[in-house]
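First the structure, in the form of structure tokens, and then the observations on it.
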Amino acid sequence: MDALSVSEINAQIKALLEATFLQVRVQGEVSNLTIHKASGHAYFSLKDSQSVIKCTLFRGNASKLKFALKEGQEVAVFGAISVYSPRGDYQINCFEIEPKDWGSLALALEQLKEKLRLKGYFDKKINYPNQVFLNEWQSSLLKIQPLGRICKRSLSNDGRCANWFVSIL
Numbered sequence: 115m116d117a118l119s120v121s122e123i124n125a126q127i128k129a130l131l132e133a134t135f136l137q138v139r140v141q142g143e144v145s146n147l148t149i150h151k152a153s154g155h156a157y158f159s160l161k162d163s164q165s166v167i168k169c170t171l172f173r174g175n176a177s178k179l180k181f182a183l184k185e186g187q188e189v190a191v192f193g194a195i196s197v198y199s200p201r202g203d204y205q206i207n208c209f210e211i212e213p214k215d216w217g218s219l220a221l222a223l224e225q226l227k228e229k230l231r232l233k234g235y236f237d238k239k240i241n242y243p244n245q246v247f248l249n250e251w252q253s254s255l256l257k258i259q260p261l262g263r264i265c266k267r268s269l270s271n272d273g274r275c276a277n278w279f280v281s282i283l
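For the sequence shown, counting from 1, position 144 maps to 258 in our numbering; every step adds exactly one.
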């Protein structure tokens, strides 16, 4: 058996996937949403608790949406699998998108913020030890965002006591 070039194997994968998955309906939570104002295209990922797939929504189909696509929203997309051969990436080219509800990960994050608010962690009049606050945030965020990394950074405020900033990457 002769070895295939990278281009040849990507071309074969493209032909197979695009012929097999002409119409797919996939449900998941919107993440990494980017809307390009100039082109009108939207790029995002659909995720569940175990996997992520990239999606595109081109201007013509984006203009037909009857709602604003938002980060963390649970949606069902209808489209076709396409392969971008130069990188060997596959994605769903969306034709239609239906809103379902807010995703479970976004809901869990909102519930965590409410729990911490009730404990007074967002009350500026109360000073809590930063490490206790961050440890609770980190353990809770790792439960709801296992695919991400959590970074802790100290941000100074004009020489006053620094606040902590948590970002999910």
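Every residue, glycine too, gets a C-beta built ideally from N, C-alpha and C.
Beta bridge pairing from DSSP links Q205 with S196. The continuous alpha helix (DSSP H) containing E122 extends over residues 120-134. The C-beta distance from S196 to E132 rounds to 6 Å, short enough to fall under 8 Å. If you draw a 10 Å sphere on the C-beta of Q137, you find fewer than 16 other C-beta atoms in it, and that means exposed.
Comparing C-alpha distances from L183 to each of V120, P213, K128 shows the shortest one belongs to P213. L147 sits in a strand when the DSSP states are folded into three classes.
DSSP, reduced to helix, strand and coil, places K214 within a strand of the structure shown.
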